[in-house]
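Student: The structure that follows is given in the form of structure tokens.
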Amino acid sequence: MDRENHKIFLYGVIGQDGVTAEAFVQEFQKLEQAGHTIHVHINSPGGSVWDGLAIFNTIKSSKVPVYTHVDGIAYSMAAMIALAGHRVYMSQGSLLMLHNVSTNEYGHAQKLRQTAAEVEKYDTILADLIAAKSGKSLDYVHQNWLNFQDHLFSPAEALSVGLIDQIETHQAKDIPQNIHQLTYNKLVEAFHLNHQKNNQHMNPIRQILNARLSPNKHFSGPVKNEDTIQEPSSDQIMNDLLSRLENCALGFEGLLQSFEAILNEEETEDLPAQLDALRKRLDAVSTPPLRAYASTDKAYHSSRGQNFETSFDRGERALLSKNIKQ
51 MDRENHKIFL YGVIGQDGVT AEAFVQEFQK LEQAGHTIHV HINSPGGSVW
101 DGLAIFNTIK SSKVPVYTHV DGIAYSMAAM IALAGHRVYM SQGSLLMLHN
151 VSTNEYGHAQ KLRQTAAEVE KYDTILADLI AAKSGKSLDY VHQNWLNFQD
201 HLFSPAEALS VGLIDQIETH QAKDIPQNIH QLTYNKLVEA FHLNHQKNNQ
251 HMNPIRQILN ARLSPNKHFS GPVKNEDTIQ EPSSDQIMND LLSRLENCAL
301 GFEGLLQSFE AILNEEETED LPAQLDALRK RLDAVSTPPL RAYASTDKAY
351 HSSRGQNFET SFDRGERALL SKNIKQ
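Take 51 as the starting number for the sequence shown in our numbering and just add one per residue.
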């Protein structure tokens, strides 16, 4: 997130890679309080419908103007998030893609029929949202865009059918050169690799903090008893801080320099105060610790709950279908 310029970046798989509804809503509300136009930049192959709809509704219902920008690709649920913008922009060379909701399910025939009916309800919801943005009828949306095929739109094509409002002059970025030949699994793998590459910048910071928080430099909490509220341990604070560091969207190199400057200052025995100072410095550029918006149990065992995700991850979830349950 770039608070100074009122920007949020949704770069990665929706529901993964730090792109969760919970994290988005928390950061969005902070920007919303300032009352300025918010710019949401998107480069994503799609992902969880659960997280995506929560993000969509947050954008759509905002009382401040929210502009969405497709910086690279906006496929599947990421495309729906883009359509939530009060104004929708696509960069030259970017791509938008619409298709039906899909899910992996296993179980008996009645369970599968129930799941199919639920998936159709999600298709109806998405069709309503697409029709509202484009001005097309529901029949048109179902017959042409949600007809169980993938539909790619260039900026000019998306503009001509009312899916976006304007084409930006700058070129799209971070799009794999062979994107048209990539399967969904390969596309998601490319995004995961890019996410891991970005996180490599955090290794020097982790090393510095690990050195500073070595076992001989820890502090002890209050005496343990049933009536005492325990203060967080140094390990807990460390894990919290590292979690927030690893979810920084921008400014890794600048953070490293800032942390090195702080950690090179004169030694002090007040380690909690030092950690608090580091955390305050981090607040301006990091997201809070992330938790799954939908429970992991439901997300990975679709027979126990509604796990409606877009089709990019069919292969990733296909292993679950091999588990035969009675």
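All residues carry an ideal CB built from backbone N, CA and C; glycine is no exception.
On a predicted model such as this, the values are computed, not experimentally measured, just so you know.
For a test of the three-state rule: what should DSSP assign to Ser94, helix, strand or coil?
Tutor: Counting from one through the sequence shown, the residue named residue 94 turns up at place 44. Reduced to three states, the DSSP call for Ser94 is strand.
Student: Spatial neighbours of Glu218 within its chain, please: CB distance less than 6 Å, with the 5 preceding and 5 following residues excluded, ordered by chain position.
Tutor: In the sequence shown, counting from the first residue as 1, residue 218 sits at position 168. Hits under 6 Å: Tyr139, Ser141.
Student: Examine the Cβ distances between the region 184-198 and the region 115-124 and report whether three or more of them are shorter than 8 Å.
Tutor: No, because fewer than three Cβ pairs between the region 184-198 and the region 115-124 fall closer than 8 Å, the two stretches do not touch.
Student: Kindly give me the distance between the Cβ atoms of Ile123 and Ala71, rounded to whole angstroms, as I take these residues to be in contact under 8 Å.
Tutor: Position 73 of the sequence shown holds residue 123. Position 21 of the sequence shown holds residue 71. That belief does not hold up - the Cβ atoms of Ile123 and Ala71 are roughly 20 Å apart, past 8 Å.
Student: With which residues is Ser141 paired in a DSSP beta bridge?
Tutor: Position 91 of the sequence shown, counted from the start, is the residue given in the question as residue 141. Per DSSP, Glu218.
Student: Would you grab the beta carbon distance between Val63 and Gly97 for me? Rounded to a whole angstrom, and I think it's under 8 Å.
Tutor: As a working mapping, residue 63 is identified with position 13 in the sequence shown. As a working mapping, residue 97 is identified with position 47 in the sequence shown. Indeed, because the Cβ distance is near 4 Å, the residues count as touching under 8 Å.
Student: For Leu60 versus Ile131, is the C-beta spacing smaller than 8 Å?
Tutor: Within the sequence shown, residue 60 is the residue found at index 10, counting from 1. Within the sequence shown, residue 131 is the residue found at index 81, counting from 1. Yes, these two residues count as a Cβ contact at 8 Å.
Student: Within 10 Å of its beta-carbon, does Ala182 have 16 or more other beta-carbons around it, so buried, or fewer, so exposed?
Tutor: In the sequence shown, the residue the question calls residue 182 occupies position 132. Flag for Ala182 reads exposed.
Student: Alpha carbon to alpha carbon, what distance is there between Val151 and Asp173?
Tutor: Taking the first residue of the sequence shown as position 1, residue 173 is located at position 123. Taking the first residue of the sequence shown as position 1, residue 151 is located at position 101. Going by the C-alpha atoms only, they are around 6 Å apart.
Student: Just confirm the distance between the C-beta atoms of Ala177 and Val191, as a whole number of angstroms; I'd bet it's less than 8 Å.
Tutor: One-based indexing of the sequence shown puts residue 177 at position 127. One-based indexing of the sequence shown puts residue 191 at position 141. Indeed, because the Cβ distance is near 5 Å, the residues count as touching under 8 Å.
Student: So who's on the other strand from Lys110, going by DSSP bridges?
Tutor: What you label residue 110 is simply residue 60 of the sequence shown in a count that begins at 1. DSSP, once it has assigned bridges, lists no residue as partnering Lys110.
Student: Are the CB atoms of Ile88 and Val114 nearer to each other than 8 Å?
Tutor: Along the sequence shown, one-based indexing puts residue 88 at 38. Along the sequence shown, one-based indexing puts residue 114 at 64. A contact, by the Cβ cut-off of 8 Å.
Student: Mind listing, in chain order, the continuous alpha helix (DSSP H) runs of no fewer than 4 residues lying wholly within the region 194-218?
Tutor: Within the region 194-218, the complete alpha helix (DSSP H) runs of at least 4 residues are 205-210.
Student: My assumption, with CB atoms under 8 Å, is that Ala84 sits in contact with Ile109. Please give the rounded CB distance.
Tutor: Along the sequence shown, one-based indexing puts residue 84 at 34. Along the sequence shown, one-based indexing puts residue 109 at 59. Contact doesn't hold; Cβ gap of about 16 Å is too wide.
Student: Per DSSP, Ala124 forms a beta bridge with which residues?
Tutor: Locating residue 124 in the sequence shown gives position 74, counting from the first residue. Ala124 is bridged to Ser94, Leu146.
Student: Whole angstroms is fine: what's the gap from Ser184's alpha carbon to Asp67's?
Tutor: The residue you call residue 184 lines up with position 134 of the sequence shown. The residue you call residue 67 lines up with position 17 of the sequence shown. Approximately 30 Å, taken between the alpha carbons.
Student: In this structure, how does DSSP classify His158 when only helix, strand and coil are distinguished?
Tutor: One-based indexing of the sequence shown puts residue 158 at position 108. It is coil, neither helix nor strand.
Student: Measure the C-alpha to C-alpha separation of Tyr156 and Leu162 and round it to an integer number of angstroms.
Tutor: Counted from its first residue, the sequence shown places residue 156 at position 106. Counted from its first residue, the sequence shown places residue 162 at position 112. Rounded to the nearest angstrom, the two C-alpha atoms are 7 Å apart.
Student: Return the first residue and the last residue of the alpha helix (DSSP H) that Lys57 is part of.
Tutor: Walking along the sequence shown from the start, residue 57 turns up at place 7. Run containing Lys57: none in the alpha helix (DSSP H); it sits in the beta strand (DSSP E), 57-61.
Student: Any idea if Lys80 is buried or exposed, counting beta-carbon neighbours within 10 angstroms, 16 or more meaning buried?
Tutor: In the sequence shown, the residue the question calls residue 80 occupies position 30. Exposed, by the Cβ-count rule.
Student: Over the uninterrupted alpha helix (DSSP H) stretch that includes Lys80, give me the two end residues.
Tutor: In the sequence shown, the residue the question calls residue 80 occupies position 30. Unbroken alpha helix (DSSP H) run through Lys80: 71-82.
Student: Helix, strand or coil for Thr165? Go by DSSP, reduced to three states.
Tutor: Counted from its first residue, the sequence shown places residue 165 at position 115. Looking at Thr165 - three-state DSSP - the assignment turns out to be helix.
Student: Expressed to the nearest angstrom, what Euclidean distance is found between the alpha-carbon atoms of Glu77 and Ala159?
Tutor: Within the sequence shown, numbered from 1, the residue matching residue 77 stands at position 27. Within the sequence shown, numbered from 1, the residue matching residue 159 stands at position 109. Spanning the two alpha carbons is a distance of roughly 42 Å.
Student: Considering only DSSP beta bridges, list what His89 is partnered with.
Tutor: Your numbering for residue 89 matches position 39 in the sequence shown. According to DSSP, His89 bridges with Lys57, Tyr117.
Student: If distances are taken between C-alpha atoms only, which option among Pro205, Asn107, Glu82, Leu146 comes closest to Ser94?
Tutor: Position 44 of the sequence shown, counted from the first residue, corresponds to residue 94. The option with the nearest alpha carbon to Ser94 is Leu146.
Student: Would you mind stating whether His201 and His149 have Cβ atoms separated by less than 8 Å?
Tutor: Locating residue 201 in the sequence shown gives position 151, where the first residue counts as 1. Locating residue 149 in the sequence shown gives position 99, where the first residue counts as 1. Cβ atoms of His201 and His149: closer than 8 Å.
Student: Can you tell me whether Ser152 is helix, strand or coil according to DSSP?
Tutor: On the sequence shown, position 102 is the one that residue 152 refers to. Ser152: strand per DSSP, three-state reduction.
Student: Can you list, in chain order, the residues of its chain with a C-beta nearer than 6 Å to that of Thr165? Leave out the 5 residues immediately preceding and following it.
Tutor: By one-based count along the sequence shown, residue 165 stands at place 115. Cβ neighbours of Thr165 beyond the five flanking positions: Glu155.
Student: With 16 as the cutoff for other CB atoms within 10 Å, does Ala128 come out buried or exposed?
Tutor: Here residue 128 refers to the residue found at position 78 of the sequence shown. Under this definition Ala128 is a buried residue.
Student: Would you decide whether Gly143 is buried or exposed? Buried here means 16 or more other CB atoms lie within 10 Å of its CB.
Tutor: Numbered from its first residue, the sequence shown carries residue 143 at position 93. Gly143 is exposed by the Cβ-count criterion.
Student: What number of angstroms, rounded off, separates the C-alpha of Arg137 from the C-alpha of Pro205?
Tutor: For the purposes of this step, residue 137 is taken as the residue at position 87 of the sequence shown. For the purposes of this step, residue 205 is taken as the residue at position 155 of the sequence shown. Roughly 14 Å separates the two Cα atoms.
Student: Based on the DSSP output, what are the partners of Ile64 in its beta bridges?
Tutor: Within the sequence shown, numbered from 1, the residue matching residue 64 stands at position 14. DSSP lists Gly97 as partners of Ile64.
Student: Would you mind sorting Lys186 into buried or exposed? The rule is 16 or more other CB atoms within 10 Å of its CB.
Tutor: As a first step, residue 186 is located in the sequence shown; it is residue number 136 there, counting from the start. Buried.
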